[in-house]
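J.: Structure provided below as structure tokens; questions to follow.
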Amino acid sequence: MTHRSFSKSPALRGSAYYAVFFGVVGMYFAYVNVVFIQRGLSGVEIGLINAVSAAMILISSPLLTALADRTGWHRPILAIAHLFFGAAIFTLHFTTSFPLILAIVAVGSFCSAPASPLSDMLVVRMAARHDLDFGHMRLWGSLGFTAVCLLSGVIWNRIGFGYLFLAGGVLFALRSFSVLLLEPISKAAQPTADAPPVKFFDLLRRDHTFLIFLLATALWSSCWNGFFVYASIYMDQLGGSSFLLGLMMALTALGEVPSVFFADRLVHRLGSLKTTIIGIVFFLIVLAVIPFITNTSLLAAVNGLRGIGFGLWIVAGVRFVDHIAPDNYHGTYQGLFSLMNFNLPVLIALPLLGYLFDNVSIQSVFQAQLVLGVASLFIFLLLQRRMKNTSQTSPSFTQS
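Residue numbers (the working numbering): -18 to 381.
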């Protein structure tokens, strides 16, 4: 395929962007918590690192996504977020001090806050504009994560984790160039100069459906974020090699492939909320089994199945938010969703899970995550019933 035909294909460009975006994530985030353990950090300290990261993103994300919506500078702000986060990760190589690690993570997280919501917003808007399947583009993120996670697992198993922060910093910074693959929001879709300012609490107060959705997302995020952190630590506790750790994370991403591929079809047939509920149920079934597994190979295989549930969740969630977002506020709404999905609940949940890890057992951590997941499922079911009783349809596809 020629460069010209590639540049004219939004489906290929969106797919390539997600492959790069999540490929770099697979190289770094699948291993970073194990590196922190090897550097002597406790479970509570790791929880605090994640909590501080979430706090910085909580402060920064509404400001930067609103700025992007108001100015139309979605791509420049996204590129800067990638670049600054890479610089922060790079500097982690040069310190083992917990206070310094905490400070560096705080700065990097503040700068990187809009990366995920703006990425999803730009790709899903591009999918809607060209009548494309968002799930098919997101699929390549899972494949990119899988391939790079497996490759890096082999590399780290041979040379150790000594260069993780250096390599991660460089690749996260270089990821800023991938923003050129995405289309800017057209001028017709950008806010006018006299558009009203975005107010965080006004958005929530006006939209009860979105408020309930965010509450359920917060509980669900506490479940799956904690599982992402402690599944890798559990593998390390059981004596799994770096390769097995990478394989486990790669299988998780590979499990997303079929669900992400068919997610848009399910959303079209069932609606976003029912698709979300199906994904959560599948994830919780896998989570209920994990604490009873002590064989590392079996842990890698079963843990990989959770990707099926997560793939349905992330595609349906982004679609739902894109559908209900008011004009000119798509970035802001995706930012709020991202806060609840990746950040705000981590402020409370991960330190508490870290306390359970240090003082009880890792099995108790998984049990607590299961309780949080069931609570979120209950609220999603109530929201589905509320929308049905008020004759409000669960969104399927957004065309604009």
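Each residue gets a CB set at the ideal place from its N, CA and C atoms; glycine is no exception.
Relative to the alpha-carbon of Phe158, which residue among Ala60, Tyr310, Gly290 has its alpha-carbon at the smallest distance?
T.: Closest by C-alpha distance to Phe158, out of Ala60, Tyr310, Gly290, is Ala60.
J.: Given that a residue counts as buried once 16 or more other Cβ atoms are within 10 Å of its Cβ, and exposed if not, what is Ile214?
T.: Burial state of Ile214 is buried, judged by a 10 Å Cβ sphere holding 16 or more other Cβ atoms.
J.: Quick check on this structure: which residue in Thr76, Arg106, Leu200 has the alpha carbon closest to the alpha carbon of Leu331?
T.: Leu200
J.: Closer than 7 Å by C-beta to Ala84: which residues in its own chain qualify, once you throw out the five before and the five after it? Chain order, please.
T.: none
J.: Just to confirm, is the Cβ distance from Gly67 to Phe142 under 8 Å?
T.: no
J.: So what's Met216 in DSSP terms, helix, strand or just coil?
T.: helix
J.: Please work out which residues of its chain come closer than 6 Å, Cβ to Cβ, to Ser240, disregarding the five sequence neighbours upstream and downstream, and give them in chain order.
T.: Once the five neighbours on either side are set aside, the close Cβ partners of Ser240 are Ile289, Gly292, Leu293.
J.: What first and last residue would you give for the alpha helix (DSSP H) that runs through Ser223?
T.: 223 to 251
J.: Please confirm whether any heavy atom of the ligand MG lies closer than 7 Å to the CB of Pro95.
T.: Among the components of this structure there are no ligands whatsoever, and the ligand MG is therefore not found.
J.: Determine the direct distance from the alpha carbon of Asp339 to that of Val384, and round the result to whole angstroms.
T.: Only positions -18 to 381 of the chain appear in the structure, and residue 384 is not among them; the question remains open.
J.: Does DSSP classify Ser157 as helix, strand or coil?
T.: helix
J.: Taking the alpha-carbon positions, what's the Leu64 to Leu195 distance?
T.: 29 Å
J.: Helix, strand or coil: how does DSSP classify Leu44 here?
T.: In this structure, DSSP gives Leu44 a helical state, which the three-state scheme calls helix.
J.: If we call anything under 8 Å between Cβ atoms a contact, is Ile305 one with Asp188?
T.: yes
J.: Can you give the Cα-Cα distance for Arg250 and Leu162, rounded to whole angstroms?
T.: 30 Å
J.: If the criterion is Cβ atoms closer than 8 Å, does the pair Asn138 and Ala212 meet it?
T.: no
J.: Candidates Val129, Val13, Phe264: which alpha carbon is nearest Phe347's?
T.: Phe264
J.: Mind checking which residues open and close the alpha helix (DSSP H) that includes Arg(-6)?
T.: Per DSSP, the continuous alpha helix (DSSP H) segment holding Arg(-6) begins and ends at -9 to 9.
J.: How do the region 307 to 326 and the region 253 to 260 stand: do at least 3 beta-carbon pairs fall below 8 Å, yes or no?
T.: no
J.: Any idea what DSSP makes of Ile18, helix, strand or coil?
T.: helix
J.: Helix or strand or just coil, what does DSSP make of Val352?
T.: helix
J.: In chain order, what residues of the same chain lie with their CB nearer than 6 Å to the CB of Thr127, ignoring the 5 residues before and after it?
T.: Non-local C-beta neighbours of Thr127 in its own chain, meaning closer than 6 Å and more than five positions away in sequence, comprise Ala231, Ala234, Leu235, ordered along the chain.
J.: Tell me the DSSP secondary structure of Ser381 in three-state form.
T.: No answer about Ser381 holds up, because its pLDDT of 33 lies below 50 and its placement is not dependable.
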